Amino acid sequence: MSIPLLEYPFTTQNQRVEGYEVPNEDTPTIYRLNADTTDADIDSIVWAGYRQIFSEHLILSSYRQKALESQLRNRAISVRDFIRGLGKSEVFRTQVAELNSNYRLVDIILKRFLGRAAYNKDEEIAWSIVIATKGVHGFIDALLDSDEYQQNFGDNIVPFQRRRYQDRPFNLVNPRYDGYWRDRQTLIFLGGRSFYSARTTGYATTADIRRAVPANFFAMAGKIITGERNYQRTIDSVRSQVRTLDIPDTSRTTSKEVVTVKPVAVALPYRYIPGNPLN
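In structure tokens form, the structure reads like this:
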């Protein structure tokens, strides 16, 4: 018996508020499969589906799902079924699902399949329980069969980021795995050894040491403790130095002889202006 989806409060996000923006380059392009769609349009729909579900980081020719593409071109499946197939593919499982925790997987799948971020931590916990009980495929089915997906995308529209405002697109800010997975894989490769042990054991190669440096750099940098400065002690030290500081006399010695300046008659130009008496 699976656990029902827990209730979580909604929060006000951009996609839940009616917008009045003037269409610009940030306005998403809607890829829709119609009855009179040409082959070029279908190519665009397929490309948009890969970009949305696999993200920019997994668009490779070796990751193409040719069976799904063929069924979509022959109208054997809808766009929603094509998106479902991409989410349940071996590529998505090995390159995305298995590399993340349930919480981060919820955030990624919500952004790629529903075009929005998670409302809050409560929603991430609720859907992570679904992943734990029904698996990733059950989670994807629940999203694609939900009223929210049907109301926004239906059967023939490729999901897109709804009402992106100022922030960068989801596909550029949510790579397929987080930093902790990279650090974990590095430690597994090194057999749990740190940079210090890899350097001092004597049997590690140069390549092993170089791989250990990035994983342990931040941990090493965090252990560096800078000297603490006592503000009051510094002020008292400065005051003590000022009190005992001898200021040298840099004043100049002046002569007692008084110098007088005699007036000298100077012919200024205005003296020659007509009407002015000459002195």
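Going by the UniProt record's numbering, 231 is the number at position 231 of the sequence shown; the sequence numbering is gapless. Heads up, the beta-carbon is just placed ideally off N, CA and C, and yes, glycines get one too. What you are looking at is a predicted structure, and each value in this text was computed from that prediction instead of being measured.
Please report the distance separating the alpha-carbon of residue i from that of residue j.
i      : j      : result
Ala118 : Ser237 : 55 angstroms
Lys88  : His137 : 6 angstroms
Leu60  : Arg80  : 22 angstroms
Tyr177 : Ile109 : 13 angstroms
Ile45  : Glu98  : 27 angstroms
Asn120 : Thr11  : 8 angstroms
Glu25  : Arg164 : 11 angstroms
Phe54  : Arg233 : 59 angstroms
Leu245 : Gly179 : 56 angstroms
Arg199 : Val242 : Legend: pLDDT at Arg199 = 49, less than 50; position of this residue unreliable, no value from coordinates given.
Leu5   : Lys134 : 11 angstroms
Arg51  : Asp107 : 17 angstroms
Ser62  : Gln71  : 18 angstroms
Ile235 : Arg184 : 48 angstroms
Ile3   : Leu144 : 19 angstroms
Asn34  : Thr186 : 48 angstroms
Ala40  : Tyr8   : 42 angstroms
Thr250 : Ser240 : 23 angstroms
Ser128 : Ser101 : 9 angstroms
Gln65  : Gly49  : 11 angstroms
Lys111 : Asp147 : 16 angstroms
Gln151 : Pro28  : 17 angstroms
According to the Cβ coordinates, are residue i and residue j closer than 8 angstroms?
i      : j      : result
Glu124 : Tyr103 : yes
Pro159 : Phe113 : yes
Ile131 : Leu105 : yes
Ile42  : Ile157 : no
Gln161 : Phe153 : no
Arg182 : Gln13  : no
Between which residues of its own chain and residue i is the CB-CB distance below 6 angstroms, once the five residues before and five after are set aside?
i      : result
Asp155 : Ser78, Arg80
Arg73  : Ile42
Ala67  : none
Can you name, in chain order, every residue of its own chain whose Cβ lies under 8 angstroms from the Cβ of residue i, other than the five neighbours on each side?
i      : result
Glu18  : none
Thr37  : Ile45
Tyr149 : Arg80, Phe113, Leu114, Leu143, Pro159
Ala126 : Leu5, Leu6, Glu7, Tyr8
Looking only at its chain, what residues have a beta carbon closer than 7 angstroms to the beta carbon of residue i, apart from the 5 residues adjacent to it on each side?
i           : result
Glu69       : Val46
residue 280 : No information on residue 280 is available, as it lies outside the stretch 1 to 279 that the chain covers here.
Arg75       : none
Ile247      : none
Does the beta carbon of residue i come closer than 8 angstroms to any beta carbon on chain C?
i     : result
Asp26 : Considering every chain present, this structure includes no chain C. It has just one protein chain.
> Touching or not, the region 138 to 156 and the region 74 to 93, by the rule of three or more beta carbon pairs under 8 angstroms?
Replying inline: yes
Beta strand (DSSP E) runs contained entirely in the region 58 to 132, provided each spans 3 or more residues: When DSSP assignments are scanned along the region 58 to 132, no uninterrupted stretch of beta strand (DSSP E) that is 3 or more residues long falls wholly within it.
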